[in-house]
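Asker: In my numbering, the protein residues as written are 278 to 360. Ideal Cβ placement from N, Cα and C applies to all residues, glycine included. None of these values were measured; they are calculated from a predicted model. Take this structure first; my questions come after.
Right, here's the structure in full:
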């Protein structure tokens, strides 16, 4: 099973620069993790369940509204990857 981390951002979000960096960091730390950075400014990119940015979604489950603590995010990913 592919584990996917989706990070929803937009250009007017003050914390989204950190979210982008965090997404890149997780992609580098966990090579088997699929990371998708989704810009809500793109037409059709806003699911009904996403109402704030940044939002971190791991395997279709919201794990953080706003930027998560790095250690907590790593723990979520490790559990999902079953490492």
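Is the separation between the beta-carbon of residue 358 and that of residue 310 shorter than 8 Å?
Answerer: In this structure, residue 310 lies closer than 8 Å to residue 358 by Cβ.
Asker: Can you tell me which of the three DSSP states residue 340 falls into?
Answerer: In the structure shown, residue 340 sits in a strand (DSSP, three-state: E or B).
Asker: According to DSSP, what are the bridge partners of residue 334?
Answerer: Answer is 283, 339, bridged to residue 334.
Asker: Report the three-state DSSP secondary structure of residue 313 (helix, strand or coil).
Answerer: Of the three classes helix, strand and coil, the one that applies to residue 313 here is strand, per DSSP.
Asker: Taking residue 287 and residue 317 to be in contact with their CB atoms under 8 Å, please state how far apart those CB atoms are, rounded to whole angstroms.
Answerer: With a Cβ gap of about 4 Å, residue 287 and residue 317 count as contacting.
Asker: Can you give me the Cβ contacts of residue 340 inside the same chain, cut-off strictly under 8 Å, excluding the 5 residues immediately before and after it?
Answerer: Closer than 8 Å at the Cβ level, and outside the excluded window around residue 340, lie 333, 334, 350, 353.
Asker: The alpha helix (DSSP H) spanning residue 290 covers which residue range?
Answerer: No alpha helix (DSSP H) holds residue 290; DSSP gives it neither H nor E.
Asker: Measure the C-alpha to C-alpha separation of residue 305 and residue 355 and round it to an integer number of angstroms.
Answerer: Straight-line Cα distance between these residues: approximately 14 Å.
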